[in-house]
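Novice: Here it is, the structure in full.
Residue numbers (our numbering), protein chains in the order written: chain S, 184 to 394; chain E, 13 to 660; chain R, 295 to 603.
Laid out in structure tokens, this is it:
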């Protein structure tokens, strides 16, 4: 499997993510993207480095196993199916996502990055995934979808990290993974609390907390 | 080294068993802390007695440092009060917290952690370790200060402390980064000649002074100290005032040790700061009615005295007058030890008083010496020592500093240190006034409130730590020779080979005079007591008071009245607030009179400034929508802006 | 051996006489001078000895408010003064103890006495005594710097940090340019002397209006032997602090006993001067006292400045 194929798949996932209104499906897509993230370094032929191999396996385990588990638990508790009333509609989101991807292609060309062995689409895909994550975070109301956005955002950063994967110390990568884990964990607690307090997972209610 | 590490581990873990034990957790914690103190003090005494300097290296950590921890003489000197106060505080806390207005397990855990951080800090020989321990200490102290967080006053104190300690850490990070740039390594050690006088050296020095000064509570930047000490539980206040603020001094001492050729103005700056802290610290203390705030201002005063000693030592080092350097440094270091002993004692005794009467306000106490004779004796010992009166330990260290000042002045080079003499004399006289006020109002006379009348003596477990500290005060005061050689080793690290005790061959004379004084006093007391009225009536006679029928408790001289003359005399610096009702007509309404002395910097400068600033910043509230997605949008926009800016 | 021993013993006896027996005479002298100036015959010069003897036989009353601190005041004051008197040279006779930095010990021993006196006053719970205690500590906060500036000036001039060489360096003062600073030091110390010993114009030991007193009002409640100690301590303080003023002015004489006599003469003269001052000046209002003390601080500080020139 060529890495470019996987990267293209990632970008496709991005589009599907912004277009879907079903929370359950968004989560499945995020998990799928997470597994892709784990596979990309292997497809790039980096599996010969032990620590990268290990890291990929851990990433797959966390993103494909543990995080979905947390999600399912949260879903069970809050009983939500759909994102009913996003700040930005699905069509507009799709267009914004497309614009973001386009911008990433332009930016990726202009960015002063190390040229060479990396797959052609890696940098644009990283930026596009980043933007998609942000888009989800900004435009959705339900806390669960926002967590999905956070995951996607992190995937973007992860892709970016692959550029430097051979020089980057293990410490930093594990740090990112840990960060992700803690992030989801905390969000889970927050979701629970929002739900308990406002009987909804609409983060808009949080505005009541400002002074 | 193993003793030291054992001590570190025991202290760090002292609170852990208590988490799982249903009963006696406090005793176990105190026991572990005592074991830690014994191990650590053993290690420190070994070093101070001239044994080898233990150090710890961890090559595996890939840090290029030759050693991570070095228990040299200076570290050992600071380690002793840390452990002594921690152990005394732990035992004291057993009963102090039994009524549990807080979270005793939590407090014990953090108390152990804070002690461990202090133990680590004194011996840290690597920048990162130093900063790590520094932060751990700051955070631990923050948790302990905020123990009684249901009181708004405590929350405010903890908040002020957190902000100022982090400001200090920021300065330290900057200073250490500059230092590492010069030395080319993160190890802490001697600096090249000429660095101190360079521009970069000046910047580094000033950053260090702000960072360490904030922790030590040097006068213009002391703002966190009085509220935090007042709000913390008393054994924590004792540890904070006794050793935590001394870590600022430790930093300064280390800095002095690293610099081979300090410029003269460094010493002058130390003297200036010391004079200001000393005089204003005690002046503000005079105006306080809150017993613990009063003690906290006295910590500022004593930091001032220590700075005066360090300043004289620095001048001696700059001008190569080794005798002067030895006296100044010896006085400062000895005062570090002494202050932790008597201030710890005072905070513990003061805590018992607060515990017994339920108030920190001096005006609501009185007559406690009858109900709490031992606590009263402990507080008197502490007051005696902190005023620098012979024959207790405070006198010995102040004596060294006086001698240094005399020496600096008698030599032709630095006559202006006569100012140090005058400042010390003034500080001494004012401290005497302040402690006469504190002790007199709280313990002597008759109880002013029912709560004070119902006070009870502290339990034995709280008295014992006080007895240990008081004993140490008397020991050093009467037999100063016992610490002379240890002190010499400690100051040898500061770049002055000359031992201080060679200048003070007459230290044994102090013992002779102290014992003479004690014998004379005993003899005279016996004689005077023998002449008391022998008829069986006597015990119930009231104070004569020039024939007043009955001296009412309310008619006693209050703490405010006692200090009024001096506070009014210094109103140009203290700005006391007086609330006075007008009394009019032949049958006036009941009127109230109140006066208090707010903190100059915090309440008069920073608070108004911040309030003004926050009003200006309120304009930015537009951007605070409270909507999470909008905040994330800000992040996205910033990211986009940065990306495009980079490309274009 | 015996040749060295006899003068040493005589010196010791002389010191014991001055410290233990002489002091009560001084207030008697002052009172006598004041009486003569006012055209009265006054109480006998030895009156204080009679008073002390009477008080030693009287029983003391302790108020139910008081604790042991009440007794510690007079006892501690006298003990501290006695130890301080070991350090002070009496004229140009050989000192008992002299070491580097004894000046500071001397000053702090006086402080110790003050601390204990103030506490024993507060122990009675009386408003009057509290008032006196407050005044005592306030005024002494100003007297202390004056004392230390004087010590600083002397240390600078003599290059020594010990009381004995500082005070026994008469030769230097006759050297001309040093007599100016000496006059200023003595002026500053004179003010300290009057304030610390509660004399007119700072305080009036003979007044009977409690509201205006400083030292006397602190000891209102003492009686019997403790009061005897207080009275003796006050007179001892006159001698000990008086030695500071007298010593630098005395000429060095060839014989030891002559020097002793010179000291006694000096102290007597001091008592006469104090009597004259008390007869001719009025007591200050309480709020004028700090100004007077600041004048003392300034005088000693100027003495130091003059030495720098």
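Glycine residues also receive a C-beta, built at the ideal position from the N, C-alpha and C atoms.
May I have the straight-line CA-CA distance separating residue 468 of chain E from residue 455 of chain E, to the nearest angstrom?
Specialist: Going from the Cα of residue 468 of chain E to the Cα of residue 455 of chain E covers about 12 Å.
Novice: For residue 396 of chain E, count neighbouring C-beta atoms within 10 Å of its own C-beta (all shown protein chains included) and say buried if the count is 16 or more, exposed if not.
Specialist: Classification of residue 396 of chain E: buried, given that the 10 Å Cβ count is 16 or more.
Novice: Name the residues in the segment 514-539 of chain E whose C-beta lies less than 7 Å from a C-beta of chain R; which are they?
Specialist: The residues in question are 518, 521, 525, 528, 529, 532, 533, 536, 537 and 539.
Novice: DSSP on residue 138 of chain E, reduced to helix/strand/coil?
Specialist: Here residue 138 of chain E sits in strand by DSSP.
Novice: Taking only beta-carbon positions, decide if residue 344 of chain R is within less than 9 Å of chain E.
Specialist: Taking Cβ atoms only, chain E never reaches closer than 9 Å to residue 344 of chain R, which makes this a no.
Novice: Check the Cβ-Cβ distances between residue 647 of chain E and every residue of chain S, and say whether any is below 9 Å.
Specialist: Output row for residue 647 of chain E: interface = yes.
Novice: Going along chain E in order, which residues have a C-beta closer than 7 Å to the C-beta of residue 402 of chain R?
Specialist: Those within 7 Å of residue 402 of chain R in chain E are 400, 401, 402 and 407.
Novice: Reducing DSSP to helix, strand and coil, say where residue 500 of chain R ends up.
Specialist: Note: residue 500 of chain R maps to coil in three-state DSSP.
Novice: Name, in chain order, the residues that DSSP records as bridge partners for residue 354 of chain R.
Specialist: Looking at the DSSP assignment, residue 354 of chain R forms a beta bridge with E/544.
Novice: Any C-beta of chain S within less than 9 Å: which residues of the segment 86-101 of chain E qualify?
Specialist: Answer set for the segment 86-101 of chain E: empty.
Novice: Under the three-state reduction of DSSP, which class applies to residue 578 of chain R: helix, strand or coil?
Specialist: Residue 578 of chain R falls in the coil class under three-state DSSP.
Novice: Quick check on residue 329 of chain E: buried or exposed, where buried means 16 or more other Cβ atoms within 10 Å of its Cβ?
Specialist: It is buried - the Cβ of residue 329 of chain E has at least 16 other Cβ atoms within 10 Å.
Novice: Residue 421 of chain R: which of E/266, E/615 and E/568 sits nearest, CA to CA?
Specialist: With distances taken between Cα atoms, residue 421 of chain R lies closest to E/568.
Novice: Does the Cβ of residue 656 of chain E have 16 or more other Cβ atoms within 10 Å, making it buried, or fewer, making it exposed?
Specialist: Exposed, because fewer than 16 other Cβ atoms sit within 10 Å of the Cβ of residue 656 of chain E.
Novice: Below 6 Å CB to CB, which residues in the same chain sit around residue 239 of chain S once its five sequence neighbours on both sides are set aside?
Specialist: Cβ neighbours of residue 239 of chain S beyond the five flanking positions: 221, 224 and 225.
Novice: Whole angstroms are fine: how far does the CA of residue 603 of chain E sit from the CA of residue 7 of chain E?
Specialist: Residue 7 of chain E lies beyond the stretch modelled for chain E, which goes from 13 to 660, so this question has no answer here.
Novice: Consider the Cβ of residue 575 of chain E: report whether some Cβ of chain R lies at a distance smaller than 9 Å.
Specialist: Closer than 9 Å to some Cβ of chain R, the Cβ of residue 575 of chain E qualifies, so yes.
Novice: DSSP three-state call for residue 591 of chain E: helix, strand or coil?
Specialist: Three-state DSSP puts residue 591 of chain E in a strand.
Novice: Starting from residue 458 of chain E, find everything on chain R with Cβ-Cβ shorter than 8 Å and list it in chain order.
Specialist: Per Cβ cutoff of 8 Å: 359 and 419.
Novice: When the Cα of residue 193 of chain S is compared with those of S/292, S/215 and S/346, which residue comes out closest?
Specialist: Residue 193 of chain S has its Cα closest to that of S/215, out of S/292, S/215 and S/346.
Novice: Can you tell which of R/374, R/357 and R/341 has the C-alpha that lies nearest to the C-alpha of residue 545 of chain E?
Specialist: Among R/374, R/357 and R/341, the Cα nearest to that of residue 545 of chain E is on R/357.
Novice: If residue 339 of chain R and residue 314 of chain R are in contact, beta carbons under 8 Å, what's the gap, nearest whole angstrom?
Specialist: Not really, about 18 Å apart at Cβ, beyond 8 Å.
Novice: Starting from residue 301 of chain E and walking both ways along the alpha helix (DSSP H), at which residues does that stretch end?
Specialist: Looking at the DSSP string, residue 301 of chain E is not in any alpha helix (DSSP H), and its letter there is neither H nor E.
Novice: Tell me whether the beta-carbon of residue 231 of chain E lies closer than 9 Å to the beta-carbon of residue 288 of chain E.
Specialist: Their beta carbons are under 9 Å apart, which means residue 231 of chain E touches residue 288 of chain E by this criterion.
Novice: Look at the alpha carbon of residue 306 of chain S and the alpha carbon of residue 205 of chain E, and state the distance between them as a whole number of angstroms.
Specialist: Between residue 306 of chain S and residue 205 of chain E, the C-alpha separation is close to 51 Å.
Novice: Using beta carbons (cut-off 9 Å, strictly below), is residue 323 of chain S in contact with chain E?
Specialist: Interface residue, yes.
Novice: Is there a C-beta anywhere in chain R that falls below 9 Å from the one on residue 588 of chain E?
Specialist: No, because no Cβ of chain R sits closer than 9 Å to the Cβ of residue 588 of chain E.
Novice: Can you tell me whether residue 74 of chain E is buried or exposed? The criterion is at least 16 other CB atoms within 10 Å of its CB, across all chains shown.
Specialist: Only weak support is given to the placement of residue 74 of chain E: the predicted model assigns it a pLDDT of 47, under 50, and the question is left unresolved by the model.
Novice: Rounding to the nearest angstrom, what Cα-Cα distance links residue 376 of chain E and residue 302 of chain E in this structure?
Specialist: Their backbone Cα atoms lie some 10 Å apart in a straight line.
Novice: With 9 Å as the threshold, decide whether the Cβ of residue 385 of chain E is near any Cβ in chain C.
Specialist: As a matter of chain content, chain C is missing from the structure shown, whose protein chains are S, E and R.
Novice: Could you check what DSSP says for residue 723 of chain E in three-state terms: helix, strand or coil?
Specialist: The displayed coordinates of chain E run from 13 to 660. Any statement about residue 723 of chain E would go beyond what the structure contains.
Novice: Roughly how many angstroms lie between the CA atoms of residue 557 of chain E and residue 514 of chain R, to the nearest whole one?
Specialist: C-alpha separation (whole angstroms): 7 Å.
Novice: Taking only the alpha-carbon atoms, compute the straight-line gap between residue 127 of chain S and residue 244 of chain S and give it to the nearest angstrom.
Specialist: This structure gives no information on residue 127 of chain S, because the portion of chain S shown stretches from 184 to 394.
Novice: Comparing alpha-carbon positions, which option in E/15, E/118 and E/26 lies nearest residue 91 of chain E?
Specialist: Answer by Cα proximity: E/15.
Novice: What do you reckon, are the CB atoms on residue 97 of chain E and residue 498 of chain E nearer than 9 Å?
Specialist: No.
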